[in-house]
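What follows is a short report on a single structure.
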Amino acid sequence: MTAVAPAVSAPIAAPAHAETILSVRDLRTQFFTRDGVVRAVDGVSFDLKRGETLCIVGESGCGKSVTALSILGLIPAGAGRIVGGSVRFEGTELTTLSEAEMRRIRGNRISMIFQEPMTSLNPVFTVGQQIAESVSIHQGLNRRQAWDRAIEMLSLVKIADPKRRAGEYPHQLSGGMRQRVMIAIALACNPQVLIADEPTTALDVTIQAQILNLMLELKDRLGTAIILITHDLGVVAETAQRVIVMYAGRKAEEAAVDELFRHPIHPYTRGLMASIPRRSAAGRRSQVRGRLQEITGIVPSLREEIPGCAFAPRCGFAVDRCTREQPPFEAHRPAHFAACWEAARVVGTPR
Amino acid sequence: MTAYIVRRLIATIPVMVVVALFVFFLLHLTPGDPAAVIAGDDASPAEIEGVRRKLGLDLPIWQQFGIYAWNLLQGDLGTSIFSNLPVLTLVKQRLEPTIVLALATLFVAVAFAIPMGVLAAWKARSFVDRLVMGFSVLGFAVPVFLFGYVLIYVFAIQLRWLPVQGYRPLAMGLDQTLRSIALPAFALGMTYMALIARITRASMLEVLSEDYIRTAHAKGVAQKSVLLRHALKNAAVPIVTVIGIGLALLISGVVITETVFNIPGLGRLTVDAILKRDYPIIQGLIILFAGAKVMVNLAIDLSYTFFDPRIRY
Amino acid sequence: MVSTTASVTVAARRTSWADILFWSRRNKTIIGGMVILLALVTVALIAPWIADDPLGFEPTNRLKRPSEVFLFGTDQFGRDVYSRVIYGTRISLIVGLSVALVATAIGLALGVLCGYYKRVDAVAMRFMDGLMAIPAILLAIALITLMKASLFIVIIAISIPEIPRVARLVRSVVLTVRGQPYIEAAIASGTRNLTIMWRHILPNTVAPLIVQATYVCASAILTEAGLSFLGAGTPPEIPSWGNVMSLGRTFFQIAPWIIFFPGIFLAVTVLAINLVGDGLRDTLDPRIARRM
Chain Z
11 MTAVAPAVSA PIAAPAHAET ILSVRDLRTQ FFTRDGVVRA VDGVSFDLKR GETLCIVGES
71 GCGKSVTALS ILGLIPAGAG RIVGGSVRFE GTELTTLSEA EMRRIRGNRI SMIFQEPMTS
131 LNPVFTVGQQ IAESVSIHQG LNRRQAWDRA IEMLSLVKIA DPKRRAGEYP HQLSGGMRQR
191 VMIAIALACN PQVLIADEPT TALDVTIQAQ ILNLMLELKD RLGTAIILIT HDLGVVAETA
251 QRVIVMYAGR KAEEAAVDEL FRHPIHPYTR GLMASIPRRS AAGRRSQVRG RLQEITGIVP
311 SLREEIPGCA FAPRCGFAVD RCTREQPPFE AHRPAHFAAC WEAARVVGTP R
Chain A
410 MTAYIVRRLI ATIPVMVVVA LFVFFLLHLT PGDPAAVIAG DDASPAEIEG VRRKLGLDLP
470 IWQQFGIYAW NLLQGDLGTS IFSNLPVLTL VKQRLEPTIV LALATLFVAV AFAIPMGVLA
530 AWKARSFVDR LVMGFSVLGF AVPVFLFGYV LIYVFAIQLR WLPVQGYRPL AMGLDQTLRS
590 IALPAFALGM TYMALIARIT RASMLEVLSE DYIRTAHAKG VAQKSVLLRH ALKNAAVPIV
650 TVIGIGLALL ISGVVITETV FNIPGLGRLT VDAILKRDYP IIQGLIILFA GAKVMVNLAI
710 DLSYTFFDPR IRY
Chain C
1077 MVSTTASVTV AARRTSWADI LFWSRRNKTI IGGMVILLAL VTVALIAPWI ADDPLGFEPT
1137 NRLKRPSEVF LFGTDQFGRD VYSRVIYGTR ISLIVGLSVA LVATAIGLAL GVLCGYYKRV
1197 DAVAMRFMDG LMAIPAILLA IALITLMKAS LFIVIIAISI PEIPRVARLV RSVVLTVRGQ
1257 PYIEAAIASG TRNLTIMWRH ILPNTVAPLI VQATYVCASA ILTEAGLSFL GAGTPPEIPS
1317 WGNVMSLGRT FFQIAPWIIF FPGIFLAVTV LAINLVGDGL RDTLDPRIAR RM
């Protein structure tokens, strides 16, 4: 690895043949609590191509955030750890890297943005210092150069008067601005992969669209691949090229975004779609009371091993086999995968 | 900021007035004749009369307080009965050892306690953590005048590394001073260390669970830097507060430590004054120590702005 | 304490034993501290049977090393340090307990009054601020020098600087409780002030007060020993630990046992009380426990 920033690749719209840069195989992450083992991620696999936007969607507690933290090796030691599977980044296996080697990847080649812009920035340092820290760690820039780079990044994320803002503390900025700063920190070293964990959830609806558009625009400019983690299908529809639906630590369905919205296969995906209000053209939510459906039942406890399909207890299509055997994750349509025994019957039923 | 400091200084006036009133009337609220108390049990009537005259105890009480307060405002802390020297002069003579001891103790305590607390918080619930917490519980229980003698016994009498007792003034050279002050500083610093280590651990534990610590890790910041740069600065405000509280504790400890180690500082001055019932000296020292404590509190509050940009006065 | 719980609930003996086991496992510190304290109280009570006269001296036995005859050695007057330390337990426990009681009682009364009546508050708190600005040991020294030294005066002198600390704690609890809607409701419905204080406010102060009292007790024992060590505390003829240690000062290089044995007793006593205090704090107030 060199201290110099890797060349910015040309803007690409992630053609299907693009090279895979991140490859996750059968990832298993468990937490060890007083009440037993929690299988937060239970055998997840996916590939991320250069410059692609991949959305991981699911309810809270389905393991999407833990997947992200696992990739970066940020599972707090003592609480939990990766117990199996592999994460390969540009051909390097990440799960076996030393802490020091991993640090050279974090924030440099793979960056992450978190959900809470209000608490994710350090309150006692100026935002300029926090961006500069990233580049001085990874690119060996001196104080002056790092500061200039910080100002440059602030203007890149469209913060007005970046010279003045760089000297301000997080509490002097609004939520939307803080998330822009987070993006600036994450992109300061031109990473190949940006993992954004619910980046807009804590923001005002009007700000949400701005932040998403900014991320997409920068992605195109810098050629960064994005893993966008969200529970909001509206966000998925607006941003993703490919979508993974997760449930109870496992993958339920995976397809290109249009394909998924047109022909959802898994009953859980269908449930999710039925439970969200449609977005009008302006991107504002139009609540139509009485027409939204909720998925009945509750998310299963991850403390016990689930022998069959995790969604079976809440699923209207479930048969005996669903609670006994885990369904294989297989293609039911071209380039469209789902883990469901009754896929044929589900697809045959109108939504 | 300036306005705040002025406001705070004004707020210390009632506190100091209460202290002055207390110190003054204590002498008069005691049962019996204050002149007789001060002159001692074996004093002749003539001697008692002499003390009364010298301290102005024959004047009406409010007039006495008026004179006392007026003198105080001019920086006159009174005059020693025995040596006939102004209390302030005596204080000046004894100031150096006490200040050197206080600073050395502060340094020793902070230099050991903060790494201990940080380590304990980082490795929470581990063996190291238990060790630090065990030390901190012990530090609260072992009195200065036991720990001090243990140190003398081990390092001065058995190993002969350091002098047993006494103080070498700075004029004799810094190394001499440091050698003479090392054991007292550790003895006095023990409780203080326990206090700071405990609060450092608690404060760090809270900060380490914050989101911005996760952000720092995600940026690829090294563990050492996460702890010492990102976390410690955020954990500083409670730590500094406790250091301030501890300084007050230290003042009481100074009196005992100087006795154990035979250091001719303000603490010895206090003890000698007690034994001779030289009440003006005790009065003066109380005022002085109380004033120092109030000023330390102000300094601590002002230091918050340095650690946390959200605090502005 | 443990045994009474067990005998009261004879009907459910099985579960109660299990409960006690569970409780004591989670409260190792309290149990540990309690056991040591109980041992010390026993020592204090049976002192006449396990020790000789603490004042009796034989000039021929000056500064004897610890041996089978003189377990902890002798001091410069030929007095048995062991006997003096055993009797000293009485003094320390009496001082600790008395100061805890006096300071807590007065502090509680003051704190409730200040929290409840704004006018009292303004005056009393200014006074407390002043009192707290004076280092505790100097305040006690000043009081003791001016009065005829006796154990009673020592207890009072040590209590006075502790009072503001207790009063502040109680006041803050009262202020919090007073703001609660159910107190407002009680006032609005014409309940007498005294009834409100007794029924609603006092019970809320019990838990923090007990914890505070243990710390006051520990610090009082240390302060008494410190004062006596300086020669400004308990009258020298009373064999308190501080007095014993004070006499050892001059002869420390040749007879360190005079200081070490009472010192160790002192440290262990304070440690035990602090352990009980820490344990109680963790049990009674889980919120603070997590932070400390």
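Protein chains in written order, with our numbering: chain Z, 11 to 361; chain A, 410 to 722; chain C, 1077 to 1368.
We put the CB at the ideal spot given by N, CA and C, even for glycine.
Partner residues on chain Z for residue i, Cβ-Cβ distance less than 9 Å
i: V630/A; result: R113, R116, G117, E143, S144, I147
i: N643/A; result: N132, P133, V134
Distance CB(residue i)-CB(residue j) smaller than 8 Å
i: A518/A; j: R610/A; result: no
i: L213/Z; j: Q189/Z; result: yes
i: A1200/C; j: L1186/C; result: yes
i: I85/Z; j: V203/Z; result: no
i: I1220/C; j: A1212/C; result: no
i: I1170/C; j: I1314/C; result: no
i: L571/A; j: F564/A; result: yes
i: I648/A; j: I709/A; result: no
i: G582/A; j: F670/A; result: no
i: V137/Z; j: V191/Z; result: yes
i: F1133/C; j: G1154/C; result: yes
i: V616/A; j: A625/A; result: no
i: I66/Z; j: M256/Z; result: yes
i: V1250/C; j: I1277/C; result: yes
Top-ranked residue by Cα proximity to residue i, from the options
i: G326/Z; options: T279/Z, L312/Z, E314/Z; result: T279/Z
i: I1347/C; options: T1290/C, C1190/C, A1331/C, L1186/C; result: It should be pointed out that residue 1347/C corresponds to Leu in this sequence rather than to Ile. Among T1290/C, C1190/C, A1331/C, L1186/C, the Cα nearest to that of L1347/C is on T1290/C.
i: F135/Z; options: L166/Z, R114/Z, Q149/Z, R175/Z; result: R175/Z
i: G1318/C; options: G1339/C, C1293/C, M1273/C, A1120/C; result: G1339/C
i: V34/Z; options: I81/Z, H346/Z, I237/Z; result: I81/Z
i: P317/Z; options: T43/Z, D52/Z, Q40/Z; result: D52/Z
i: V167/Z; options: R153/Z, V145/Z, H148/Z, A196/Z; result: A196/Z
i: L1157/C; options: V1320/C, E1260/C, Y1193/C, L1227/C; result: Per the sequence presented here, residue 1157/C reads as Val, with Leu not at that position. The candidate whose alpha carbon is nearest that of V1157/C is V1320/C.
i: L1113/C; options: L1173/C, M1273/C, F1146/C; result: L1173/C
i: T306/Z; options: A170/Z, A28/Z, P323/Z; result: P323/Z
i: A194/Z; options: M163/Z, E208/Z, N223/Z; result: M163/Z
Listed by chain order, chain A residues near residue i by CB distance under 9 Å
i: L1347/C; result: V546, L547, F549, A550, V551
i: L82/Z; result: H626, A627
Rounded distance between the beta-carbons of residue j and residue i, thought under 8 Å
i: V664/A; j: G676/A; result: 4 Å
i: R503/A; j: G674/A; result: 5 Å
i: I691/A; j: T679/A; result: 7 Å
i: L37/Z; j: V97/Z; result: 7 Å
i: V1292/C; j: A1179/C; result: 5 Å
Chain E within 8 Å of residue i, Cβ atoms only
i: L1214/C; result: Of the protein chains in the structure, Z, A and C, none is chain E.
Inter-residue Cα distance where the pair is residue i and residue j
i: G614/A; j: A657/A; result: For the record, residue 614/A in the displayed sequence is Leu; it is not Gly. Looking at the two C-alpha atoms, the distance is approximately 26 Å.
i: L486/A; j: Q472/A; result: 17 Å
i: G1108/C; j: V1352/C; result: 8 Å
i: K463/A; j: H437/A; result: 16 Å
i: G1302/C; j: I1182/C; result: 24 Å
i: T714/A; j: P506/A; result: 31 Å
i: G293/Z; j: S285/Z; result: Residue confidence is low: G293/Z scores 44 on pLDDT, short of 50, so the model does not pin down where it sits. Its coordinate-derived value is still stated next. When rounded, the distance between both Cα atoms is 17 Å.
i: L282/Z; j: H346/Z; result: 17 Å
i: V298/Z; j: V1242/C; result: Unreliable positioning characterises V298/Z in this predicted model, as indicated by a pLDDT of 44, which lies under 50. The coordinate reading is nonetheless provided below. Roughly 59 Å separates the two Cα atoms.
i: L1323/C; j: L587/A; result: 29 Å
i: L79/Z; j: G71/Z; result: 14 Å
i: F474/A; j: V1230/C; result: 27 Å
i: F1203/C; j: Q567/A; result: 49 Å
Amino acids of chain A, ordered along the chain, whose beta-carbon sits closer than 7 Å to that of residue i
i: G1183/C; result: Neighbours of G1183/C on chain A: none; closest Cβ ~18 Å, over 7 Å.
i: E126/Z; result: D620
i: T129/Z; result: E619, D620, Y621
Neighbouring residues, chain C, relative to residue i (Cβ below 9 Å)
i: R686/A; result: T1221, L1222
i: F433/A; result: Within 9 Å Cβ-Cβ: nothing; F433/A doesn't reach chain C, min ~11 Å.
Under 7 Å from the C-beta of residue i: neighbouring residues of chain C
i: A657/A; result: P1211
i: Y562/A; result: P1332
Where residue i meets chain A, residues with beta-carbon distance less than 8 Å
i: Q1329/C; result: I566, V573
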